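Student:
Chains as they are written, first to last, in the UniProt record's numbering: chain Y, 1 to 418; chain C, 1 to 418.
1) Taking the alpha-carbon positions, what's the residue 284 of chain C to residue 44 of chain C distance?
2) Ends of the alpha helix (DSSP H) at residue 497 of chain C?
3) Which term fits residue 366 of chain C, buried or exposed, when burial requires 16 or more other beta carbons within 10 angstroms of its beta carbon?
4) Between the Cα of residue 154 of chain Y and those of Y:121, Y:198, Y:215, Y:250, spot the shortest distance and give me the residue it belongs to.
5) What are the residues in the stretch 124-137 of chain C lying within 7 Å of chain Y by C-beta distance?
6) Give the residues from the stretch 228-243 of chain C that approach chain Y closer than 9 Å (Cβ to any Cβ), ordered along the chain.
7) CB residue 425 of chain Y to CB residue 124 of chain C, shorter than 8 Å?
8) Could you round the C-beta distance between residue 110 of chain C and residue 325 of chain C to whole angstroms and report it? I think they count as a contact, below 8 Å.
9) May I ask you to list, following chain order, the residues of the stretch 281-304 of chain C that have a beta carbon less than 7 Å from some beta carbon of chain Y?
10) Could you run through the UniProt domain "Fumarylacetoacetase N-terminal" (21-117) of chain C and flag, in chain order, every residue whose CB is less than 9 Å away from some CB of chain Y?
11) Is residue 390 of chain Y helix, strand or coil by DSSP?
12) Check each candidate in Y:38, Y:19, Y:20 and name the one with the smallest Cα separation from residue 28 of chain Y.
13) Would residue 291 of chain Y and residue 257 of chain Y qualify as a contact pair, given that the criterion is a beta-carbon distance under 8 Å?
14) In whole angstroms, what separates the C-alpha of residue 397 of chain C from that of residue 227 of chain C?
15) Just to confirm before moving on: does the CB-CB distance between residue 368 of chain Y and residue 378 of chain Y stay below 8 Å?
16) Should residue 97 of chain Y be labelled buried (16 or more other beta-carbon atoms within 10 Å of its own) or exposed?
17) Listing by chain order, which chain Y residues have their CB less than 7 Å from the CB of residue 148 of chain C?
18) State the start and end residues of the unbroken alpha helix (DSSP H) segment that holds residue 14 of chain C.
19) Using a C-beta to C-beta distance shorter than 7 Å, which residues of chain C count as neighbours of residue 161 of chain Y?
20) Check for me: the beta strand (DSSP E) holding residue 73 of chain Y runs from which residue to which?
21) For residue 31 of chain Y, which option in Y:195, Y:114, Y:42, Y:221 has the closest C-alpha, if you only look at C-alpha atoms?
22) Look at the alpha carbon of residue 171 of chain C and the alpha carbon of residue 11 of chain Y, and state the distance between them as a whole number of angstroms.
23) Three or more beta-carbon pairs under 8 Å between the stretch 74-94 of chain Y and the stretch 196-208 of chain Y, yes or no?
24) Quick one, which of Y:83, Y:159, Y:310, Y:403 has its alpha-carbon nearest residue 301 of chain Y's?
25) Is the Cβ of residue 397 of chain C closer than 8 Å to any Cβ of chain Y?
26) When the Cα of residue 108 of chain Y is compared with those of Y:173, Y:136, Y:8, which residue comes out closest?
27) For the alpha helix (DSSP H) containing residue 221 of chain Y, name the first residue and the last one.
28) Using DSSP with H/G/I as helix, E/B as strand and the rest coil, what is residue 180 of chain Y?
29) Is residue 269 of chain C close to chain Y? Criterion is C-beta to C-beta, closer than 8 Å.
30) Determine the chain Y residues that contact residue 145 of chain C at a beta-carbon separation under 7 Å, and present them in chain order.
31) Run through the DSSP bridge pairs and tell me what residue 291 of chain Y is partnered with.
32) Given a cut-off of 8 Å on the beta-carbon distance, is the pair residue 168 of chain Y and residue 404 of chain Y in contact?
33) At 9 Å on the CB atoms, spell out the chain Y contacts of residue 164 of chain C, in chain order.
34) Is the beta carbon of residue 244 of chain Y closer than 8 Å to that of residue 157 of chain C?
35) For the beta strand (DSSP E) that contains residue 405 of chain C, what are its first and last residues?
36) Determine the DSSP secondary structure at residue 38 of chain C, reduced to helix, strand or coil.
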């Protein structure tokens, strides 16, 4: 599929993240206005609440867009998702008869503040990138025992904390926590000294389930994808995670990009999961290409300094697709709901510059990386801004995710010294 | 404090779970009516939506009770909680001038269906009962290594799945999952063969936090308590839980009792946590009695058979209070919200009949227990009804929790054979 041309000129550049082929869904506000649904097109946002008021968009469902979340659209289901996307494509296409009505409803992205695009019902984070799991396992258990025995048979995941999900741009404060170093006799309560990021994709569940679903059914339940940075306190994690998994180490913040890129927009970029070392059991077996070819990168900019690209990788490096993760999530009968967010797990490629966390990039802090300008980093320092970017490259166009950025703030003074 | 007498006669019996001293909050419906808030008094329920309509209850906040959850009351905060309880006590007291107006608003509990009493925002389950952790650890790692190194320093917890929380009375279907026995070469997908219960208390968070809170602040955020049965698939758990903790093994269902017993009603039963082996760090240190003396029991009734009490213990056996768990939960800055539910972790006492799970009662299935009538049990069998009960015993009165019950249904036929 080539670039689809829009009458919004900025959308027609081959490297623009938001061409007519994309049409990602977000929630925005302008000074003095309430947050409401919008669709990105080039440098602009089509105000969906205004479009609905004007009768330009009417999926026949009753009002959907004058709210600060896309959950209501998700709940309407795949037929409405398709009808809405078709209608938006018609409105914004070059030569559209709707241009005169729609043009006054555009808002410049530069004038808008972005909010979380959906109400996060529950948040699950997986550990389904093989290179990441191998790197972390090698650091902690040696290369022979790097992958846990279950790793090649199920997408390992744990429940995270939905209340800690924030939109790109929200500053993230270095947490305190209980920490015990390998040479300490007793734990102490201190600011995290090994604050890290995790480069992930987030899958947004758009339809409910109330029993086990197949991989194909799971794929059809997914509304879209976002970039996701799962901020991680490695020293807190090391002390707390046995035997019940990460808890406070992952509860400070998880940042997501503000635009949900729909599954429909990503269709041309589907690709297969890697070769399987063990055949997966039937309920998890691949039944079509369900990963996506999405280039990903991470930049780090120190306070007042220029940004350095510290990692480049691709979503196709995952061992399990989001559809497989969602199918696994449902096996127990666990009810899944619109607004559930599934983090892919850290995405790393096979080589050093493809690692999606500082833990891996600095090999546990033993090999600090050097930034442009000469500073070194083992973990995140106060004032650093970390930014994820993602884009699928089509034939003369780009399906971009925008950015997922966050600045690390210094820890509070002792929060219990009152 | 002695029994407070009510004009609702059934409430005045010394062993009735719902005297005037209690006033627990639930959500009920009668045939043909919508679920709405109610307060238990003796064998009756005061219809709070009707009481609000009649002007009998007016906390000055706008309508709170014509909804199927107590979250709106929680959000109003402790002053309203106290004012509401005071007003209900006045209305329902022996000799109350409000009797004539209130009596027509009573509904018999026998005619009511109970629903979840609040919208569960997020659900966290802890592992904070020392005897339980010691028993489980001994089974898997031997008595010397029974407690993980962090156990005596932090209340270990993991995030559970709010969507799987169900009200008492909801049948629970035996899950399928990926299972690999110790002698199997490869995992297989099969119905759970080691389906279990966990006797727990649930603390209902009633006020939000957006940063670290002290133990005293955490205690004040708790709205009330319920009984909680965390259904657990032990064989699924054994295969999946390393390294990121329990996931699908705990996602089939968590049952809670339908009545929130308020913190105010439990005040007379506060008691201390046990002696500390290691002094807790300041942020977790005890600052007053924050456990409660609540007798707990579990019964098992086979399909069509009589029930046997299989365990008796007490909430004071916990090592960490819910306030300590909530304070720990907040250390990372994790935002906590009204409607968050914190499971205490399985409550076991020091002796065999005090064990709060079948895993412990049957010592991993090696020592099946014998029910009245001669049947034996290692784990839950299809058709079994498991019931938790809890009550604090006062001077001539009881603060009861009602029951938390659920019947185990047979697994589905292979859910993927379609």
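Even for Gly, the Cβ is constructed at its ideal location relative to N, Cα and C.
In this text the structure is predicted, and so the values were computed from the model without any measurement.
Tutor: This is what the structure gives:
1) By one-based count along the second chain, residue 284 of chain C stands at place 284. By one-based count along the second chain, residue 44 of chain C stands at place 44. Distance between the alpha carbons of residue 284 of chain C and residue 44 of chain C is about 40 Å.
2) This structure cannot settle anything about residue 497 of chain C, because the visible part of chain C is limited to 1 through 418.
3) Within the second chain, the letter at position 366 stands for residue 366 of chain C. Residue 366 of chain C comes out exposed.
4) Taking the first chain and counting its residues from 1, the one referred to as residue 154 of chain Y is at position 154. Among Y:121, Y:198, Y:215, Y:250, the Cα nearest to that of residue 154 of chain Y belongs to Y:215.
5) 127
6) Result list: 233, 236, 239, 240, 241, 242, 243.
7) As displayed, chain Y neither begins before 1 nor continues past 418, which places residue 425 of chain Y out of reach and without an answer.
8) As a position in the second chain, residue 110 of chain C is number 110, starting the count at 1. As a position in the second chain, residue 325 of chain C is number 325, starting the count at 1. The pair is not a contact, with the Cβ atoms about 36 Å apart (cut-off 8 Å).
9) 281, 282, 283
10) Interface annotation for the UniProt domain "Fumarylacetoacetase N-terminal" (21-117) of chain C against chain Y: empty, criterion Cβ-Cβ distance under 9 Å.
11) Residue 390 of chain Y sits at position 390 when you count from the first residue of the first chain. It is a strand residue.
12) For the purposes of this step, residue 28 of chain Y is taken as the residue at position 28 of the first chain. Selection Y:38, Y:19, Y:20 evaluated against residue 28 of chain Y yields Y:38 as nearest (Cα-Cα).
13) Counted from its first residue, the first chain places residue 291 of chain Y at position 291. Counted from its first residue, the first chain places residue 257 of chain Y at position 257. Between residue 291 of chain Y and residue 257 of chain Y, the C-beta gap is not smaller than 8 Å, which leaves the two residues out of contact.
14) For the purposes of this step, residue 397 of chain C is identified with residue 397 of the second chain, where counting begins at 1. For the purposes of this step, residue 227 of chain C is identified with residue 227 of the second chain, where counting begins at 1. Roughly 19 Å separates the two Cα atoms.
15) Locating residue 368 of chain Y in the first chain gives position 368, where the first residue counts as 1. Locating residue 378 of chain Y in the first chain gives position 378, where the first residue counts as 1. Contact: yes.
16) As a position in the first chain, residue 97 of chain Y is number 97, starting the count at 1. Exposed is the call here.
17) Reading the second chain from its first residue, position 148 is the one you call residue 148 of chain C. Those are 242, 243, listed as they occur along chain Y.
18) Translated into positions along the second chain, residue 14 of chain C becomes position 14. First-last for residue 14 of chain C: undefined, no H or E at that position.
19) The residue you call residue 161 of chain Y lines up with position 161 of the first chain. The contacting residues are 122, 159, 334.
20) On the first chain, residue 73 of chain Y is found 73 positions in, with the first residue counted as 1. Residue 73 of chain Y -> not in any beta strand (DSSP E); alpha helix (DSSP H) instead, spanning 71-76.
21) Position 31 of the first chain, counting from 1, holds the residue named residue 31 of chain Y. Of Y:195, Y:114, Y:42, Y:221, the residue nearest in Cα terms is Y:114.
22) Position 171 of the second chain, counted from the start, is the residue given in the question as residue 171 of chain C. Position 11 of the first chain, counted from the start, is the residue given in the question as residue 11 of chain Y. Taking the straight line from one Cα to the other gives about 53 Å.
23) They touch, by the three-pair rule.
24) Translated into the one-based positions of the first chain, residue 301 of chain Y becomes position 301. It is Y:310 whose Cα lies nearest to the Cα of residue 301 of chain Y.
25) As a first step, residue 397 of chain C must be located in the second chain, where it is residue number 397. Chain Y, which has no Cβ nearer than 8 Å to the Cβ of residue 397 of chain C, makes this no.
26) Numbered from 1 along the first chain, position 108 holds the residue referred to as residue 108 of chain Y. Looking at the Cα atoms, Y:8 is the closest of the given residues.
27) Taking the first chain and counting its residues from 1, one reaches residue 221 of chain Y at position 221. Counting along the chain, the alpha helix (DSSP H) containing residue 221 of chain Y begins and ends at 215-221.
28) Taking the first residue of the first chain as 1, we reach residue 180 of chain Y at position 180. Reduced to three states, the DSSP call for residue 180 of chain Y is coil.
29) Taking the first residue of the second chain as 1, we reach residue 269 of chain C at position 269. Not an interface residue.
30) Here residue 145 of chain C is taken as the residue at index 145 of the second chain, counted from 1. Chain Y residues near residue 145 of chain C: none, gap ~11 Å exceeds 7 Å.
31) Translated into the one-based positions of the first chain, residue 291 of chain Y becomes position 291. Residue pairing of residue 291 of chain Y in beta bridges, as defined by DSSP: Y:271.
32) By 1-based counting over the first chain, the position of residue 168 of chain Y is 168. By 1-based counting over the first chain, the position of residue 404 of chain Y is 404. In contact: residue 168 of chain Y and residue 404 of chain Y (Cβ atoms closer than 8 Å).
33) To locate residue 164 of chain C, count along the second chain from 1; it is residue 164. Residues of chain Y with a Cβ closer than 9 Å to the Cβ of residue 164 of chain C are, in chain order, 332, 333, 334, 335.
34) As a position in the second chain, residue 157 of chain C is number 157, starting the count at 1. As a position in the first chain, residue 244 of chain Y is number 244, starting the count at 1. Taking 8 Å as the Cβ cut-off, residue 157 of chain C and residue 244 of chain Y qualify as a contacting pair.
35) Here residue 405 of chain C is taken as the residue at index 405 of the second chain, counted from 1. 398-409 is the span of the beta strand (DSSP E), which, as asked, contains residue 405 of chain C.
36) Along the second chain, one-based indexing puts residue 38 of chain C at 38. Of the three classes helix, strand and coil, the one that applies to residue 38 of chain C here is strand, per DSSP.
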